[in-house]
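In the numbering used here, the protein residues as written are 14 to 96.
These notes are about the structure you will find just below.
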């Protein structure tokens with residue numbers, strides 16, 4: 014259920030919210046919002062951004078953990094929602 018739910022969330026965010034960036038994180042993760050905002054001010058939401066702590070799966074696969082949190086740019090959200 015995890016992947017279909019995430020696909021639904023990404024499509025819904027793209028369609029209904031259209032943010033510059035979206036931050037995905039678990040509810041038990043500690044975040045320093047000022048640091049995140051400072052980092053995002055230096056990013057361009059019209060370019061691909063998939064930023065977080067990459068976990069290694071199979072040799073050719075890396076993914077970001079929701080527990081550590083990750084950020085997607087508007088372009089990345091749009092591209093994923095159309096995939």
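Ideal placement from N, C-alpha and C gives every residue a C-beta, glycine not left out.
- Residue pairing by DSSP puts residue 75 in a beta bridge opposite 69.
- Looking at the backbone, the Cα of residue 41 and that of residue 69 are separated by about 22 angstroms.
- The beta carbon of residue 94 sits closer than 6 angstroms to the beta carbons of 23, 24, 27 from its chain, once the five residues preceding and following it are set aside; these are given in chain order.
- Bridge partners of residue 64 according to DSSP: 84.
- Excluding five sequence positions before and after residue 67, the CB atoms of its chain that fall closer than 8 angstroms to its own CB belong to 75, 76, 77, given in chain order.
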